[in-house]
Amino acid sequence: MPPRFFSSAPLPRANFPAIYTLDAAAAQHVRVRRLSVGDALTLFDGAAVEPRGEAAAVITAIDKKSVAVEISMWRTRSAESPIDVSLIQALAVGDKMDLIVQKAVELGAAEIVPLRAARATLKLDAERAEKRVAHWNAVAISACEQCGRNRVPSVSDVQSLEGALAKTGEQGRRTAILHPQGGISLSSWAAQAVQAVQGTQVAQVAQAPGVPLALLIGPEGGFTDQEIDQAIAQGATKVTFGPRTLRTETAGLAALAAIQAILGDLR
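Right, here's the structure in full:
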């Protein structure tokens, strides 16, 4: 299978063959992979332009400053989940956020929202936050190159709890705040979300498109009682996910996989 590369500029979708010059990041990626003239690759731009998909291309020239390819065709293809899930993830230390972003993309998250939380160990000032968000968006692009997605989920600016929940409300999302104690089960919450939006039971639908959801995941020390009360006041539902207490880097990914198994395409 040819390696996949993200293009930051829109790709041609007609009038083939077409000569195209890769952007600097993709060109550097080609050099790092030690690809040569004549090697095949797949390009995608993540643009909301129809038809969505990817381009089949062959490298025609490589020099110190640029890489040129010939695009032979456009393939309409999607690896997107039928459900729209936002992962609102409290900031985690070390490389845990990189792991969370990478795996959330692989599991089909529509967006990732980094969250400030009272007990979060990682504290970022404005400058550091901007740099980390840029890095996490690069991680998301790399994950799409690996997993076959042609739409790149956004990693938003770091949000406050109030701001993140206000956004989910504007988007019409049903939000679950995961908590090890109390609340309804994740599967029950998913069923209620589908019934509220579509007026149908989960067992009656093969998948649940058009049901926007959000998973709210706390930091290493958990959400404070005040944060839980605030989330519930802003429309979130307290949800429990099994009898074991999960680490912050485990909880969101496990819940996302479970939601995809219940409602999405991990069946």
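Every letter in the sequence shown is one number past the one before it in this note's numbering, and letter 37, counting from 1, is 166.
Heads up, the beta-carbon is just placed ideally off N, CA and C, and yes, glycines get one too.
A quick note: this is a predicted structure, and the numbers were derived from the prediction, not measured.
{"Query": "Measure the CB-CB distance between K232 and L382 and report whether it falls below 7 Å.", "Result": "yes"}
{"Query": "Report yes if the CB atom of L345 is closer than 7 Å to the CB atom of A384, and no otherwise.", "Result": "no"}
{"Query": "Within a Cβ cutoff of 7 Å, which residues of the same chain sit near V302, ignoring the five residues on either side of it in sequence?", "Result": "Before going on, a small fix: residue 302 reads as Arg here, not Val. S215, P341, L342 and A343, listed in sequence order."}
{"Query": "Under 7 Å between the Cβ atoms of R248 and G350?", "Result": "yes"}
{"Query": "Taking only runs that begin and end inside the stretch 277 to 357, name each unbroken beta strand (DSSP E) of 3 or more residues, in chain order.", "Result": "303 to 307 and 341 to 346"}
{"Query": "Within 10 angstroms of its Cβ, does G311 collect 16 or more other Cβ (buried), or is it exposed?", "Result": "exposed"}
{"Query": "May I have the straight-line CA-CA distance separating A335 from A153, to the nearest angstrom?", "Result": "The pLDDT assigned to A335 is 48, lower than 50, so where the model puts this residue is not dependable; a value taken from the coordinates is nonetheless given after this. The alpha-carbon atoms of A335 and A153 are separated by roughly 43 Å."}
{"Query": "When we look at the beta-carbon of D213 and count the other beta-carbons within 10 Å, is it buried (16 or more) or exposed?", "Result": "buried"}
{"Query": "Keeping to the same chain, check which residues put their C-beta closer than 7 Å to that of W318; ignore five residues upstream and five downstream.", "Result": "A305, T366 and V368"}
{"Query": "How many Å lie between S316 and T205 at the Cα?", "Result": "33 Å"}
{"Query": "Provide the residue span of the alpha helix (DSSP H) that contains V230, from first to last.", "Result": "K225 to E235"}
{"Query": "Mind listing, in chain order, the continuous beta strand (DSSP E) runs of no fewer than 3 residues lying wholly within the stretch 192 to 216?", "Result": "196 to 205"}
{"Query": "With DSSP collapsed to three states, give me the class of A239.", "Result": "coil"}
{"Query": "Does the distance from the C-beta atom of G347 to that of A219 stay below 7 Å?", "Result": "yes"}
{"Query": "Considering only their Cβ atoms, is the gap separating V222 from L253 smaller than 7 Å?", "Result": "no"}
{"Query": "Where does R162 fall in DSSP's three states?", "Result": "coil"}
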